[in-house]
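The next block holds one structure in the form of structure tokens; read it before the comments.
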Amino acid sequence: MDVQQLQEILMELRFTAGLSDEDQRKLAVISRLQEFPKGAIVFAEGTDHKDIYVISSGRVEICMSIQARGCLPVLTLEAGDLVGWSSVLKQGEMTATVVAMEDTQAVAIDAAELRELCELDHDIGYQIMKRIASALSQRLVACRLQVLDMYGDVNSYNSSQKGASE
Amino acid sequence: MNSSCSTTGETADSQVNHWVPQTAVIREITPEVNDVATYQLALTDPAAAEAYRFVPGQFNMLYVPGAGESAISMSGNPESPEILAHTIRVAGNVTRSIAAMKVGDTLGLRGPFGTSWPLEMCAGRDVILVAGGIGLPPLRPLIYRLLAERQQYGQLHLLYGARSPEMRLYTEEYHLWSKGGLEIRETVDRSSPGWHGNVGVVPLLLERLKAFDPAKSILLICGPDLMMRFTARAAMQRGMTAEQIWVSTERNMQCAVGLCGHCQLGPEFICKDGPVFRYDQILPYLKVEGL
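What follows is the structure, encoded as structure tokens:
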């Protein structure tokens, strides 16, 4: 797949939509399209990984391992979502395992090259980091809501619930 | 408050005293999920049953002698008011008493009360329904109505979030709803073995909704306050305005006619001015801790 075709895909994805044509082209240059059949592991918790992904179609599941309970799903991601932020932030090993829930296609961006691009061109660096921060902020809020157990029964957290006006 | 779709007590008011409960008999009980069941009620007085009408979003006060009264949204088809469906989760004395009842038992019923979902504002627009947990029952009458008048609306979406796969309500109806033109997307906060659907909170589904035109959409939300706030926030980040968003709230309703003040939220009485509010009209009060 050539740079032009990759750029056209990036243009349509939520994570990269809104970047200038030139920035999308620069990203396309260091990207490639990757296919993950259903059940394929995109990357595994505890491993080093060199790519960051923007899903273009399909769906993946983020799981985390817990002793005696296996790898438990905590979030699903789909087209337009960012996967593998640890690699671009150079935070060492991956914090979770990501598995394709269905046949999935993703734009894989080489994390080292992306970091270098951001260092050399701070304008695109700011745009990319702003988008990563936004994606992580969205996930942080979602995580908080999950932790709060919003649909728990009234006795579990002592607050009023639907149908509980008595 | 001016909720444009206020239809409190659509039953012929001249014939019904809203302070006096009518006797209703339980015709059928359908266990839904843990601690939640749907009760099909019928008024025993033929004249009252004949006169009874409700619109999607309204609620009844169900009365159990010795236990008290509780506000319960109607969850059935408004085109079949002779059978009044109420999906009830055990949450206190009244609902616990109802949960102990069986088919043929009777209880008291006052209503219908409250404002309705803004159907007339949905016409010609894409309608996005977002439900969280036990927030789906108050939206189900609206789903029936939207599907019955399918040609009047644009795209119809239901985004449903539940605590776990086992806590999803009305799953046996989804194929019919989908066939009727409702696009359903589900998610659960916590997965369980065998679940291959989405995991994550329901506002994420809205953030990812494709073919979404904020200018021609209307968003109707029902669920815990927190879920409604963050869903509305996601919608506004995608370009919707608070005037295009409607929420169904619930508080401790006692009298159901705006007199006792138990359900007061700021200047509003949820029982009388709500439960359905346009979001901009109620947002300031949802943010006040303790209200």
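Residue numbers (this note's numbering), protein chains in the order written: chain Y, 63 to 228; chain A, 15 to 305. Ideal placement from N, C-alpha and C gives every residue a C-beta, glycine not left out.
query                                                                                                                                                                              : result
Would V216 of chain A and S262 of chain A be called neighbours here (beta carbons separated by less than 8 angstroms)?                                                             : no
Alpha carbons only, please: which of A:Y77, A:S87, A:A61 is nearest the one belonging to F68 of chain A?                                                                           : A:S87
CB of A174 of chain Y to nearest heavy atom of the ligand MG: below 7 angstroms?                                                                                                   : In terms of ligand content, the structure shown is empty, and the ligand MG therefore cannot be addressed.
Tell me whether R201 of chain Y sits in a helix, a strand or coil according to DSSP, three-state version.                                                                          : helix
Run through DSSP, which three-state label would D185 of chain Y get?                                                                                                               : helix
What residue does the alpha helix (DSSP H) around I142 of chain A start on, and which one ends it?                                                                                 : Note, I142 of chain A: premise wrong, no alpha helix (DSSP H); beta strand (DSSP E) at 140 to 146.
List, in order along the chain, the chain Y residues whose C-beta lies closer than 7 angstroms to that of D119 of chain A?                                                         : Near D119 of chain A there are no residues of chain Y at all, since even the closest Cβ is about 18 angstroms away, more than 7 angstroms.
Can you have a look at Q268 of chain A and say buried or exposed, based on whether 16 or more other CB atoms are within 10 angstroms of its CB?                                    : buried
Should V213 of chain A be flagged as near chain Y, meaning a C-beta pair shorter than 8 angstroms?                                                                                 : yes
Quick one: what's got a C-beta closer than 7 angstroms to V213 of chain A's C-beta in the same chain, skipping five residues either side?                                          : T201, V202, S205
Do we get a CB-CB distance below 8 angstroms when we pair S231 of chain A with the residues of chain Y?                                                                            : no
Beta-carbon of D203 of chain A versus every beta-carbon of chain Y: anything under 8 angstroms?                                                                                    : yes
Is it true that the stretch 114 to 125 of chain Y meets the stretch 152 to 171 of chain Y, where meeting means three or more beta-carbon pairs spaced less than 8 angstroms apart? : yes
How would you label Q66 of chain Y, buried or exposed, when you count the other beta carbons within 10 angstroms and need 16 or more for buried?                                   : exposed
Can you have a look at L182 of chain Y and say buried or exposed, based on whether 16 or more other CB atoms are within 10 angstroms of its CB?                                    : exposed
For the stretch 159 to 183 of chain A, which residues have a CB atom closer than 9 angstroms to at least one CB atom of chain Y, in sequence order?                                : G175, A176, R177, S178, M181
Check the Cβ-Cβ distances between V161 of chain Y and every residue of chain A, and say whether any is below 8 angstroms.                                                          : no
Just the chain A side, please: which residues come within less than 7 angstroms of P137 of chain Y by C-beta, in chain order?                                                      : Note that residue 137 of chain Y is Leu in the sequence shown here, rather than Pro. By Cβ distance, chain A contributes V213, G214.
Considering D49 of chain A, what are the terminal residues of the alpha helix (DSSP H) in which it resides?                                                                        : From DSSP, D49 of chain A is part of no alpha helix (DSSP H); its letter is neither H nor E.
Can you give me the Cβ contacts of E163 of chain A inside the same chain, cut-off strictly under 8 angstroms, excluding the 5 residues immediately before and after it?            : none
Using a Cβ cut-off of 7 angstroms, pull out every chain A residue sitting near E140 of chain Y, in sequence order please.                                                          : R222
Excluding five sequence neighbours on each side, which residues of the same chain lie with their C-beta closer than 7 angstroms to the C-beta of P79 of chain A?                   : none
Does DSSP classify T245 of chain A as helix, strand or coil?                                                                                                                       : helix
Whose CA, out of A:D49, A:G146, A:L55, lies closest to the CA of Y174 of chain A?                                                                                                  : A:G146
Bridge partners of S231 of chain A, per DSSP?                                                                                                                                      : A:D140
Please classify Y184 of chain A: is it buried, with 16 or more other beta-carbons within 10 angstroms of its beta-carbon, or exposed?                                              : buried
Compile a chain-ordered list of the residues in the stretch 238 to 253 of chain A whose CB is closer than 8 angstroms to at least one CB of chain Y.                               : P238, L240, M241, F244
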